[in-house]
Amino acid sequence: MTSNALCQWFASVRRLGRDPERLRRRLTRRALVLAAAVFTLTSLAGAGSVQVPFSVQADLIAKVASFDRNFAARAGARALVLVMQMPNDAESAAAALELKNALSRVDLVGDRPHEEQIVAYSSSVALAEMIKARKPAIIYFGPGFGKELTAIRNSVSNVSLLTVGATPEYVESGIVLGFDLVSGRPKLLINLSQARKQQVDFPASVLRLMKVYP
Amino acid sequence: MYAWVAAGLLASLFARTAAAQDVSGLEGLLSEQIVSTASKQAEGASSAPALSTNLSAEDLRMYGIRTVAEAVDFLGIAVGSSDNLSGGEVGARGVLLTGDKGSHFLLLVDGQTMNDPLRGGTTFGSGAGIPMELVDHIEIVVGPGSVLYGSNAMFGIVNVVTKRAKDYSGARLIVESTLPISLRVGAGAGAEFKLLGAPTEITTQLEYFKQSGPNLFFEAENTGIDPFTGQPGRNSRAGAADGIWGGQRATHSSYVDSPSGILRIVRGNTELHLQGVYYRHASPTTTGDFDDSAAGERETRAIASLKQRFVVSTMLEVSARAYANYYSTRNDFIASRGELCPFGNVTCDYRSAGTAHWLGLELQSSWDWFRDSRFVTMAGVDARQRGVSTTTDAFEAETGRSFYHPPAGLNRSDATLAAYAEQTFAPTQSAVLKGGVRVDSDPRFGAVVTPRLALGYKPWEGGTLKVSYAGAFRAPSWDEANNATSRRILADGLRPEKVKSLELSVNQRVGTHRLLIGGFYSKWTDLVELATLSDQETIDAIRNGQTSVPFTPGVHLTQYRNTSTVINYGINTGVEGAFASGHLLYGLSITGAIAERRSAGRSTRLPVAPQLFGNARVAFVFGELLPTVGLGVRFIGPRPADLSSGFDPPAYAPAAAELKLTVSGRAPLINGLSYRLILDYNTADRGPYVVGPVTSSLPSQPAPQLNPVDRFRTTAGLQYDF
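Line order of the protein sequences matches chains A and B. Each residue of the first sequence is one higher than the one before, starting from 458 at the first, in our numbering. Each residue of the second sequence is one higher than the one before, starting from 418 at the first, in our numbering.
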């Protein structure tokens, strides 16, 4: 059956070879269909890449939080870390799970015992209400939140909260802390004006180690 | 007065260090190198299942690095190159296989293989077409790495990762010259934008490199009487038949011509990589005529790949990579001695050429079975179609007429299939066990199975113990296994080369400082070498029709054979870190290794490979407006020359230290302009390669001539960022 199909295919190619215009149209049509398929698929999947391994992100979150002068007051006896997940986004779900697992292996976050939970994101309003009700010390946003960042930034401004983003682009859009990979080494990014609004206060010695977005 | 100023500056910097002491733990985490080559996934270098190091773009600029070969020499651990004046060679852990054309190291650019199937080789020097400005970092994995990558990864893997658009935004022009012999001009750009709603980025650099010189002095060699003419041999087309090769500067046969370009487009999880390089270079050390500009090699490489990654669920992630590559080469050999030419001609030109293409699809999946990253299986397949063709010819120089009907050459194609899987198991927070296997099916040989087993354990804060067992192989190239030339008969039943290695290492991080101590033992088997046939074998080969080209009596034919085994063991150490809040950077690595070649019941030391080598570096970053000063030193112990067994006593290349002093920074007054000034100095005047036609002792020339070394050079470079 396969050989029959191949023979038919070769025959059709030979027929097309005798009609270059038809061949050109057919190839163009197929190339366009292929390109459309690739772009559609990538639009579904393309949500900003996470470059720093989650285990390293977890270690950095745990360490850098201890330098936040307001972290102890915000966290209380036990720091609550919420890991946000965008519904119907497999990459976001996988990232949330990986970060939660990585954080669970860290002894202390900001020198505090800690608890982390995955929460499905629905809207910025619901997020604001949840923050009010549960008082998390840290909220982590994995991939998939690109279009929600402005709303998220507005809803968490003036709340004492360390927001952390998985990708570098998030920090420019209003997430306080983020990660980047530069020359094969992790880099911390901070949105300083948003940090002030969210009462996140790092000493100069720590800011010196970060890329600062004013 | 200057001493007081310097002391004050140092004191203030160290005072800042003391004040910032409490952030050393965070600095340590931020200095952790993230690697992705050893496991095909991002992980900390200390956790990787092989010795992995990361050379950053900052290091490349600060220490005046211009090629991948220089990067491994001055910044790598346990790796080193050797300049044979014909493209260079690279080895690791005290093993270097002369004449392998880089085929025992797998060179990747953004994950795309540069080694071609025709000869298996690649170049790490200026002909690699890898612009350093575009390089984000270079990952070096030392030790067998075939478990995920297949053939060629015997020494290890060098993966050049180019910058993302965010780190290369805008446009720039680059001009750099090693005075007065070379010029490199380039233009690069990077941009981020949205394409059909998805974030998209593009990075590119085009460059042209041209070198003419150095005009090195080659000592005279007396080739004696030409057996064909009965007179002293002639070693150039225009020169006298006086038997003398060299004895003067080579002014025509030291050149490089290399345009190249890279384009990378990333849209969401899709990545397109295009690369092209043309590399034309001379062969000044050839056994043919002296200083003939027509003797040399030209290579063309074109690489295209499209990668796509999908996260299917919290348990499964898949990726696909389609690739299509092309390679062509042409080699010209010029001779004016009758003993080198067929049919009793006194002058002849040999030309061998070849092309190769390989295209395929690699599918890879990662299964996080319990969704907690503790038990993860990675599995993949790589299906490839490839084809090669070769031609060889010998012709009369003036008329271009072939001396004989050229052999048919190769014109073959086939398909290969490989499957691999690696299991990661993390039973506790501090232990990770990785075990993997790969099966490569090549129609020319039986299936090759390559294993790897590695255990990483973190027994204390900042410390990692690693023990690993790994194998690798190199399928003989099409040229070695299936091709013949006028002077080389077809190989008979060539087998893949294999290496197995056991390694143990300790990594310790203290703040921003890192220490590595490791030991290794490896055994290489079935090494492929070009063997010279005995008189009887040559007569038999001609009689059996294995070559149709009659040569002057006394000239021997050659053949690729599995001839030897190498036992290699030793230790490597490395330390690197920063003081003074990152203003003072340092690094040091030393490798001591024994490599014995065992062949036909004899044990000899491997030529060209040093038993002791390493590098040291220190850089002072004064600040944004002041220049950065970097000093790198590469040292190599004494080593036997290649072909040294043909002389008594055998020739040795002296110990050498290569120093590289670099001053770099932003130019004052002109915004966007930066500069780099590099001074290179080599303490040795001779390298480890026997050059010229006398490759074993002759009555007229009992001692060999080793390749001269270009000892001092100044390089100046400017970059303007728009």
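In this text, a Cβ means the ideal position worked out from N, Cα and C, and glycines have one as well.
Check: Measuring CB to CB, does LEU932(B) end up less than 8 Å from VAL992(B)?
Finding: Indexing the second sequence from 1 puts residue 932(B) at position 515. Indexing the second sequence from 1 puts residue 992(B) at position 575. In this structure, VAL992(B) lies closer than 8 Å to LEU932(B) by Cβ.
Check: Between GLY660(B) and GLY641(B), what straight-line distance do the alpha-carbon atoms span, to the nearest angstrom?
Finding: Start at 1 with the first residue of the second sequence, and residue 660(B) comes out as number 243. Start at 1 with the first residue of the second sequence, and residue 641(B) comes out as number 224. Near 5 Å, if we compare the C-alpha coordinates of GLY641(B) and GLY660(B).
Check: Which of the three DSSP states, helix, strand or coil, is assigned to LYS1077(B)?
Finding: Mapped onto the second sequence, residue 1077(B) falls at position 660. DSSP places LYS1077(B) in strand when its eight states are reduced to three.
Next item on the list: Please state whether DSSP places GLY987(B) in a helix, a strand or coil.
Entry: Here residue 987(B) refers to the residue found at position 570 when the second sequence is read from its first residue. Residue state, collapsed to three classes: strand.
Notebook entry, point to check: Going by the CB atoms, is the gap between GLY481(B) and THR1100(B) shorter than 8 Å?
Noted result: If you number the second sequence from 1, residue 1100(B) lands on position 683. If you number the second sequence from 1, residue 481(B) lands on position 64. Not closer than 8 Å, so no.
Notebook entry, point to check: Which term fits ASN1032(B), buried or exposed, when burial requires 16 or more other beta carbons within 10 angstroms of its beta carbon?
Noted result: Stepping through the second sequence from its first residue, residue 1032(B) is reached at position 615. ASN1032(B) is buried by the Cβ-count criterion.
Notebook entry, point to check: Per DSSP, ALA712(B) forms a beta bridge with which residues?
Noted result: Taking the second sequence and counting its residues from 1, one reaches residue 712(B) at position 295. ALA712(B) has no beta-bridge partner at all, per DSSP.
Notebook entry, point to check: Hey, does LEU443(B) have any beta-carbon neighbour from chain D nearer than 8 Å?
Noted result: Absent from the structure: chain D. Protein chains present are A and B.
Margin query: Report the CB separation of LEU638(A) from LEU645(A) in whole angstroms; it is logged as a contact under 8 Å.
Written below: As a working mapping, residue 638(A) is identified with position 181 in the first sequence. As a working mapping, residue 645(A) is identified with position 188 in the first sequence. Cβ atoms of LEU638(A) and LEU645(A) stay farther apart than 8 Å, at about 11 Å.
Next item on the list: Could you tell me which chain A residues have their CB closer than 8 Å to the CB of THR731(B), listed as they occur along the chain?
Entry: Here residue 731(B) is taken as the residue at index 314 of the second sequence, counted from 1. Simply ALA547, ALA550, ALA551, LEU554.
Item checked: chain A residues whose Cβ lies nearer than 9 Å to that of THR722(B) -> Taking the second sequence and counting its residues from 1, the one referred to as residue 722(B) is at position 305. The amino acid occupying residue 722(B) in the given sequence is Ser; Thr does not appear at that position. Under the 9 Å cutoff, chain A gives no residues; its nearest Cβ is about 14 Å from SER722(B).
Check: For ASP706(B), which residues from the same chain have a beta carbon less than 7 Å from its beta carbon, with the 5 sequence-adjacent residues on both sides left out?
Finding: Here residue 706(B) corresponds to residue number 289 of the second sequence, with the count starting at 1. Once the five neighbours on either side are set aside, the close Cβ partners of ASP706(B) are ASN652, SER653, ARG654, ALA712, ILE751, ALA752, SER753.
Checklist line | Bounding residues of the beta strand (DSSP E) (the contiguous stretch that carries PHE1037(B)) | finding: In the second sequence, the residue the question calls residue 1037(B) occupies position 620. Start and end: 1029-1038.
Next item on the list: With a threshold of 16 other CB atoms inside 10 Å of the CB of PHE610(B), please say whether the residue is buried or exposed.
Entry: Position 193 of the second sequence holds residue 610(B). Exposed is the label assigned to PHE610(B), since fewer than 16 other Cβ atoms lie within 10 Å of its Cβ.
Next item on the list: Report the residues of the stretch 550-584 of chain A with a CB closer than 7 Å to any CB of chain B, ordered along the chain.
Entry: ALA550, ALA551, LEU554, GLU555, ASN558, ARG562
Next item on the list: Please report how far the alpha carbon of GLN665(B) lies from the alpha carbon of TYR1003(B), in whole angstroms.
Entry: Translated into the one-based positions of the second sequence, residue 665(B) becomes position 248. Translated into the one-based positions of the second sequence, residue 1003(B) becomes position 586. So the two alpha carbons sit approximately 42 Å from each other.
Margin query: So GLU475(B) contacts chain A; which residues on that side make the cut at Cβ distance below 8 Å?
Written below: Within the second sequence, the letter at position 58 stands for residue 475(B). Result: SER640.
Check: What's the gap between the Cα of ILE598(B) and the Cα of VAL489(B)?
Finding: As a position in the second sequence, residue 598(B) is number 181, starting the count at 1. As a position in the second sequence, residue 489(B) is number 72, starting the count at 1. Each residue's alpha carbon lies about 23 Å from the other.
Note to self: Below 9 Å on C-beta distance, what does ARG1034(B) contact in chain A?
What the structure shows: Start at 1 with the first residue of the second sequence, and residue 1034(B) comes out as number 617. None at all; the shortest Cβ gap to chain A is about 16 Å.
Check: What residues from the stretch 509-522 of chain A come within 9 Å of chain B, judged by C-beta to C-beta, listed N to C?
Finding: VAL509, PRO510, PHE511, SER512, VAL513, ASP516, LEU517, LYS520, VAL521
Notebook entry, point to check: Looking at LEU649(A) and ILE632(A), is the spacing between their C-beta atoms short of 8 Å?
Noted result: Translated into the one-based positions of the first sequence, residue 632(A) becomes position 175. Translated into the one-based positions of the first sequence, residue 649(A) becomes position 192. No, they are not a contact pair.
Next item on the list: Kindly indicate which three-state DSSP category GLU897(B) falls into: helix, strand or coil?
Entry: Locating residue 897(B) in the second sequence gives position 480, counting from the first residue. Looking at GLU897(B) - three-state DSSP - the assignment turns out to be helix.
Next item on the list: Scan the stretch 785-810 of chain B for residues whose Cβ lies nearer than 9 Å to a Cβ of chain A and list them as they occur along the chain.
Entry: ASP785, ARG788, ASP789, SER790, ARG791
Margin query: Applying the 10 Å Cβ sphere with the 16-neighbour rule, what's the burial state of ILE956(B)?
Written below: Position 539 of the second sequence, counting from 1, holds the residue named residue 956(B). Classification for ILE956(B): exposed.
Notebook entry, point to check: Which residues of chain B have a Cβ atom closer than 9 Å to the Cβ of PRO544(A), listed in chain order?
Noted result: Stepping through the first sequence from its first residue, residue 544(A) is reached at position 87. At a C-beta separation below 9 Å, PRO544(A) has no neighbours in chain B, since its nearest C-beta there lies roughly 13 Å away.
Checklist line | Three-way DSSP call (helix, strand, coil) for TYR977(B) in this model | finding: For the purposes of this step, residue 977(B) is identified with residue 560 of the second sequence, where counting begins at 1. Strand at TYR977(B).
Check: In whole angstroms, what is the alpha-carbon distance linking ASP1140(B) and PRO510(A)?
Finding: No information on residue 1140(B) is available, as it lies outside the stretch 418 to 1139 that chain B covers here.
Next item on the list: Determine contact between the stretch 731-744 of chain B and the stretch 753-767 of chain B, defined as no fewer than three beta-carbon pairs at a distance below 8 Å.
Entry: no
Next item on the list: Select from SER640(A), LEU619(A), LYS668(A), PRO660(A) the residue whose C-alpha is nearest the C-alpha of PHE528(A).
Entry: The residue you call residue 528(A) lines up with position 71 of the first sequence. Checked all of SER640(A), LEU619(A), LYS668(A), PRO660(A); the closest Cα to PHE528(A) is LEU619(A).
Notebook entry, point to check: With a CB to CB cut of under 6 Å and the five nearest residues on each side skipped, what residues in its chain are close to ALA585(A)?
Noted result: Counted from its first residue, the first sequence places residue 585(A) at position 128. Here the set comprises SER612.
Check: Taking LEU1090(B) as the reference, which of TYR1069(B), GLY1063(B), PRO1044(B), LEU1115(B) has the closest Cα?
Finding: The residue labelled residue 1090(B) in the question sits at position 673 within the second sequence. Between LEU1090(B) and the set TYR1069(B), GLY1063(B), PRO1044(B), LEU1115(B), the nearest pair of CA atoms involves PRO1044(B).
Check: Count the other CB atoms within 10 Å of the CB of THR613(B); is the residue buried (16 or more) or exposed (fewer)?
Finding: As a working mapping, residue 613(B) is identified with position 196 in the second sequence. Note that residue 613(B) is Leu in the sequence shown here, rather than Thr. Its Cβ having fewer than 16 others within 10 Å, LEU613(B) is exposed.
Next item on the list: Could you work out which residue in ALA577(A), ARG526(A), SER512(A) is closest to ASP546(A) when comparing CA atoms only?
Entry: Taking the first sequence and counting its residues from 1, one reaches residue 546(A) at position 89. The candidate whose alpha carbon is nearest that of ASP546(A) is ALA577(A).
Item checked: Within chain A, partners of GLU460(B) - CB distance below 9 Å -> Residue mapping note: residue 460(B) aligns to position 43 of the second sequence, counting from 1. Per Cβ cutoff of 9 Å: PRO510, SER512, VAL513.
Item checked: In DSSP terms, what ASP674(B) is bridged to -> The residue labelled residue 674(B) in the question sits at position 257 within the second sequence. In the DSSP output, where bridge partners are listed per residue, ASP674(B) has LYS627(B), ARG697(B).
Checklist line | ARG1093(B) and GLY1049(B) closer than 8 Å at C-beta | finding: The count along the second sequence starts at 1 and reaches residue 1093(B) at position 676. The count along the second sequence starts at 1 and reaches residue 1049(B) at position 632. Against a cut-off of 8 Å, the Cβ pair of GLY1049(B) and ARG1093(B) comes out as no contact.
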